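Chemist:
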Amino acid sequence: MKAVVPVAGWGTRFLPATKAMPKEMLPIVDKPVIQYIVEELLDAGIYDIVFVTGRHKRAIEDHFDINPDLELHLEKAGKKELLEMVRRISHLVNPIFIRQKEQKGLGHAVLTARPAIGETEPFIVSLGDIVIKGINSVRRMVDIYNRYGKSVIALFQVPREEVSKYGIARVRRIDEHTLLVEDIVEKPSPEEAPSNYAVVGRYLFTPSLWSKLEKTKPGKGGEIQLTDAIRELLREEAVYAFEVPYEAVFDTGNKLDYLKTVITFALEREDLREELIKFIKEKVENL
64 MKAVVPVAGW GTRFLPATKA MPKEMLPIVD KPVIQYIVEE LLDAGIYDIV
114 FVTGRHKRAI EDHFDINPDL ELHLEKAGKK ELLEMVRRIS HLVNPIFIRQ
164 KEQKGLGHAV LTARPAIGET EPFIVSLGDI VIKGINSVRR MVDIYNRYGK
214 SVIALFQVPR EEVSKYGIAR VRRIDEHTLL VEDIVEKPSP EEAPSNYAVV
264 GRYLFTPSLW SKLEKTKPGK GGEIQLTDAI RELLREEAVY AFEVPYEAVF
314 DTGNKLDYLK TVITFALERE DLREELIKFI KEKVENL
């Protein structure tokens, strides 16, 4: 099974930092966001990863490539731990890069990966700015797919006032761990939302999605929405889901949540925790 990771967006919320650097390369302490996405896929046994990129995303390609000069420098310096860290990510993943020439929305980005994915196999889609901590959502989706043979999406419950930021699904529980999607809407108002179950940026699709994406017209924001294609898919076949705990989801696509992510991950580092707590306490006391 292959995975699609759409990373072609401009990252305008983080300008000017993202003028020359992809937002997916912003660090969470000392590891870029995109590496967390890739490591989750690798941990689930997904090694062939199709990155849908734009002309300003060359740094992502370089990150997952071999860097002989850096490796030689680390080897000569005796920095074996850093050397292994650098080698691991470039040697394990098989990256495939496809250029999205026009940014027409998430649905269009996924459709751009079609030649690399093929027409007959199921595939994963993992968004490049959502980190899920403490649970491998990809492995969970694969388990549900192996049970039912249909598409699977990951959901989490958000406050009602935040539903307009997400694709929102109406679901029915079929067992303790699995939901059946009955409807899905892109960024509804709180009054229109069928529930508060929001799509969390992890999907597993059957090849049936391709024909739906082909026919999907621009929706919210004038873009081809993946959510709209899923809604059409529901007319022909079942789509299953499972719930990810709210506290496990870290959205690095906006400034405040990105900062919360960095602080959360830093507080779990033994080499940083004590001094960071001391610093935060001093800052808070001085407010």
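Numbers in the numbering used here are just positions in the sequence shown, counted from 1, shifted up by 63. All C-beta atoms, glycine included, are put in the ideal place defined by N, C-alpha and C. Just so you know, these numbers come straight off a predicted model, no measurement behind them.
(1) Which residues does DSSP pair with P268 in a beta bridge?
(2) How about K86 and G74: are their beta carbons less than 7 Å apart?
(3) Quick one: what's A304 bridged to in DSSP?
(4) From the DSSP output, which residues share a beta bridge with S157?
(5) Assign Y266 to buried or exposed, taking buried as 16 or more other Cβ atoms, counted over all protein chains shown, within 10 Å of its Cβ.
(6) Find out if the Cβ-Cβ distance for the pair V194, F313 is shorter than 7 Å.
(7) Can you tell me whether R210 is helix, strand or coil according to DSSP?
(8) Less than 7 Å between the beta carbons of V234 and A179, yes or no?
(9) Pop quiz: M84 and A140 are said to be a contact at Cβ under 8 Å. What is the actual Cβ separation, rounded to whole angstroms?
(10) Indicate the three-state DSSP secondary structure (helix, strand or coil) for K94 in the structure shown.
(11) In angstroms, rounded to a whole number, what distance separates the CA positions of Q288 and S258?
(12) Look up I247 in the DSSP assignment and give the residues it is bridged to.
(13) For K65, write down the residues that DSSP places opposite it in a beta bridge.
(14) Taking the alpha helix (DSSP H) that F328 belongs to, which residues open and close that run?
Modeler: On the basis of the coordinates in this document:
(1) In the sequence as presented, Pro is not what sits at residue 268; that position holds Phe. Answer is F186.
(2) Yes. Within cutoff.
(3) Per DSSP, I216, L242.
(4) Residue identity check: residue 157 is Asn in the sequence provided, not Ser. For N157, which the question treats as bridged, DSSP gives the partners D111.
(5) Under this definition Y266 is a buried residue.
(6) Cβ atoms of V194 and F313: closer than 7 Å.
(7) DSSP, reduced to helix, strand and coil, places R210 within a helical segment of the structure shown.
(8) Going by C-beta atoms, V234 is not nearer than 7 Å to A179.
(9) Actually they do not touch by this definition, with Cβ atoms about 26 Å apart.
(10) In the three-state reduction of the DSSP assignment, K94 falls in the strand class, which pools E and B.
(11) Put simply, the backbone Cα of Q288 is about 19 Å away from that of S258.
(12) Looking at the DSSP assignment, I247 forms a beta bridge with A232.
(13) Among the bridge pairs identified by DSSP, K65 is matched with F186.
(14) In this chain, the alpha helix (DSSP H) harbouring F328 covers 318 to 330.
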